[in-house]
Amino acid sequence: MKKKSGIKAWAEEDRPREKLEFRGKETLTNAELIAILIGSGNSNESAVSLAKRLLISVDNNLTKLSKLPICDLTKFKGIGKVKAIKIITALEFGKRKLFEKPAKLDEITSSKKASELMINAIGYLPHEEFWVLYLNNANKLILKYQLSKGGITATLVDIRLVVKKAIELSSVGLILCHNHPSGKLKPSKADIELTNKIKLAASTLDLKLLDHVIISGKTYFSFADEGIL
Numbered sequence: 000m001k002k003k004s005g006i007k008a009w010a011e012e013d014r015p016r017e018k019l020e021f022r023g024k025e026t027l028t029n030a031e032l033i034a035i036l037i038g039s040g041n042s043n044e045s046a047v048s049l050a051k052r053l054l055i056s057v058d059n060n061l062t063k064l065s066k067l068p069i070c071d072l073t074k075f076k077g078i079g080k081v082k083a084i085k086i087i088t089a090l091e092f093g094k095r096k097l098f099e100k101p102a103k104l105d106e107i108t109s110s111k112k113a114s115e116l117m118i119n120a121i122g123y124l125p126h127e128e129f130w131v132l133y134l135n136n137a138n139k140l141i142l143k144y145q146l147s148k149g150g151i152t153a154t155l156v157d158i159r160l161v162v163k164k165a166i167e168l169s170s171v172g173l174i175l176c177h178n179h180p181s182g183k184l185k186p187s188k189a190d191i192e193l194t195n196k197i198k199l200a201a202s203t204l205d206l207k208l209l210d211h212v213i214i215s216g217k218t219y220f221s222f223a224d225e226g227i228l
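Under numbering that gives the first Met the number 0, think of the first position of the sequence shown as 0, with each following residue one higher.
Below you can see the structure in the form of structure tokens.
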């Protein structure tokens with residue numbers, strides 16, 4: 000019986016897609032990234048082996064690879080027109096990224112600024128939503144993230160997800176935001192307990208909880224401003 004040599008026969012941790020998911024995109028070689036794009040090789044070699052052979056043909060130079068037309072790429076057994084277009088498209092995206100101006104990040108300098116970012120999103124909702132603003136070390140917004148969506152009076156919050164997302168983003172500061180559809184801005188006992196739990200969990204990983212802002216309509220309540228953070 001012929002022994003399988005394709006990617007599916009490899010140890011799971013050595014498969015490109017799984018490697019990207021569990022170890023991060025930075026751990027993949029150029030051949031492994033191309034292998035993910037093309038998905039499969041041919042009857043004689045895996046997608047990674049095919050990708051390596053393709054790279055060798057251009058002296059492992061991605062710029063040269065990006066200049067190959069479809070007809071040259073399809074000369075490789077296992078690369079049809081669709082796969083060739085995927086490779087060309089991915090490399091073109093990479094080239095365009097080099098010339099793209101970096102997005103201007105909002106700087107969160109106060110509870111007022113944080114509330115202004117969130118009022119249109121949650122200020123007038125008939126149900127509660129819990130969001131997290133993830134900031135870099137200059138207090139500039141990296142991501143505005145909806146963590147959960149609940150009912151009229153409450154929403155569930157998984158503290159582990161708050162911290163996990165911060166680590167993924169390399170964030171150093173957090174601002175919690177949620178709304179009170181009732182119009183009452185005063186934090187509940189549950190709000191205070193949750194805030195303290197998140198603050199403790201964040202501090203163990205050198206993440207700073209900067210504020211927790213409760214929003215209703217155009218008004219807001221800031222834990223930091225009220226000195227209860």
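Positions of the beta carbon are idealized from the N, C-alpha and C atoms, including for glycine. None of the values given here were measured: they were computed from a predicted structure.
Start-to-end residues for the beta strand (DSSP E) that takes in residue i
i, result
"residue 148", "140 to 148"
"residue 93", "Looking at the DSSP string, residue 93 is not in any beta strand (DSSP E); the run it does join, the alpha helix (DSSP H), is 80 to 97."
"residue 107", "No beta strand (DSSP E) holds residue 107; DSSP gives it neither H nor E."
Contacts around residue i, its chain only, beta-carbon distance under 8 angstroms, and the 5 residues preceding and following it disregarded
i, result
"residue 217", "118, 122"
"residue 106", "112, 137, 138, 139, 140"
"residue 15", "6, 27, 31, 32, 34, 35, 46, 47"
"residue 215", "122, 178, 179, 180, 181, 182, 183, 184"
Which listed residue (the options) has its alpha carbon closest to that of residue i
i, options, result
"residue 186", "113, 225, 164, 140", "225"
"residue 159", "113, 26, 146", "146"
"residue 36", "19, 194, 197", "19"
"residue 148", "209, 126, 188", "126"
"residue 45", "77, 26, 66, 114", "77"
"residue 167", "189, 144, 114", "144"
"residue 163", "200, 193, 174, 34", "200"
"residue 69", "79, 62, 63", "79"
"residue 206", "81, 171, 17", "171"
"residue 90", "42, 29, 190", "29"
Own chain residues within Cβ distance below 6 angstroms of residue i, not counting five before or after
i, result
"residue 0", "Annotation note: pLDDT 47 at residue 0 (below 50); position unreliable, no value reported."
"residue 212", "110, 113, 114, 176, 219, 221"
"residue 64", "57"
Start and end residues, alpha helix (DSSP H) containing residue i
i, result
"residue 75", "First-last for residue 75: undefined, no H or E at that position."
"residue 167", "158 to 168"
"residue 185", "That residue, residue 185, is in no alpha helix (DSSP H); it is neither H nor E in DSSP."
"residue 29", "29 to 37"
"residue 18", "15 to 22"
"residue 227", "Counting along the chain, residue 227 falls outside any alpha helix (DSSP H), and DSSP gives it neither H nor E."
"residue 45", "Premise fails: residue 45 is in no alpha helix (DSSP H) and is neither H nor E."
"residue 26", "First-last for residue 26: undefined, no H or E at that position."
"residue 229", "Nothing about residue 229 can be read from this structure; the chain reaches only from 0 to 228."
"residue 63", "61 to 65"
Residues bridged to residue i (per DSSP)
i, result
"residue 178", "214"
"residue 173", "133, 208"
"residue 219", "214"
"residue 238", "The requested residue 238 does not occur in the structure, where the chain is confined to residues 0 to 228."
"residue 128", "148"
Own chain, CB closer than 7 angstroms to residue i, minus 5 neighbours either side, in chain order
i, result
"residue 156", "129, 146, 147, 193"
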